[in-house]
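Novice: Quick note on this note's numbering: the sequence shown kicks off at 6 and runs consecutively. Where is the CB? At the ideal position from N, CA and C, for every residue including glycine. Got a structure for you, questions after.
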Amino acid sequence: MAYETISLDEIVTSLDPKVVYESKKNKKTESMIEPYINKKIKNDGKKDFTVSAAYIIRDTVKVIGNKNNEVKPSAFGIFYDDLKSPMTGGTGHTMKVCDSSNVPKINQTVWFKWLEE
């Protein structure tokens with residue numbers, strides 16, 4: 006098989022201390038991770054930061070894998086980044102996790118050239 010599809014919704018990532026640590030390294034995202042993990046509820050009954058925190062945790066798992074090895078660590082990252090505001094948002098978070106985990110990465114400034122050859 007050339008690829009494997011894994012539903013990250015089915016993997017319990019919030020209990021993996023390494024994933025939590027890496028997800029909280031970014032100052033812009035650290036405040037949303039703990040409420041998500043602790044399932045804090047606002048007065049209106051909606052979970053705080055549920056969607057954004059889940060995406061950050063998912064993106065962290067894509068790079069470093071998880072403790073049960075349901076998702077293996079990445080060997081290489083290929084990104085389509087916003088070149089006007091590079092390394093921002095969810096893509097930027099994932100690229101930064103690559104950097105801090107020593108996972109080599111490229112963006113479209115490199116792989117676009119491959120398409121031209």
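Between E75, Y85, I69, N43, which has its C-alpha nearest T107's C-alpha?
Specialist: Residue numbering aside, residue 107 sits at position 102 when the sequence shown is read from its first letter. Correcting the residue type first, residue 107 is Asn in the shown sequence and not Thr. The candidate whose alpha carbon is nearest that of N107 is I69.
Novice: Alpha carbon to alpha carbon, what distance is there between T114 and S28?
Specialist: If you number the sequence shown from 1, residue 28 lands on position 23. If you number the sequence shown from 1, residue 114 lands on position 109. Computed Cα separation, rounded: 26 Å.
Novice: When you compare only the Cα positions, how much space is there between C103 and K44?
Specialist: The residue given as residue 103 occupies position 98 in the sequence shown. The residue given as residue 44 occupies position 39 in the sequence shown. Computed Cα separation, rounded: 27 Å.
Novice: Considering just the uninterrupted stretch of the alpha helix (DSSP H) at N43, what are its terminal residues?
Specialist: Here residue 43 corresponds to residue number 38 of the sequence shown, with the count starting at 1. Note, N43: alpha helix (DSSP H), 35–43.
Novice: In angstroms with no decimal places, state the Cα-to-Cα distance between L20 and K67.
Specialist: Here residue 20 refers to the residue found at position 15 of the sequence shown. Here residue 67 refers to the residue found at position 62 of the sequence shown. Between L20 and K67, the C-alpha separation is close to 16 Å.
Novice: Please name the residue in N31, P78, F84, S79 whose C-alpha comes closest to that of S58.
Specialist: Along the sequence shown, one-based indexing puts residue 58 at 53. Note that residue 58 is Ala in the sequence shown, not Ser. Out of N31, P78, F84, S79, N31 has the C-alpha closest to the C-alpha of A58.
Novice: Strictly by DSSP, which residues pair up with K110?
Specialist: By 1-based counting over the sequence shown, the position of residue 110 is 105. Looking at the DSSP output, K110 shares a beta bridge with G82.
Novice: Less than 7 Å between C-beta atoms, sequence neighbours within five positions excluded: which residues of the same chain meet that for T34?
Specialist: Counting from one through the sequence shown, the residue named residue 34 turns up at place 29. Here the set comprises S28, I61, H98.
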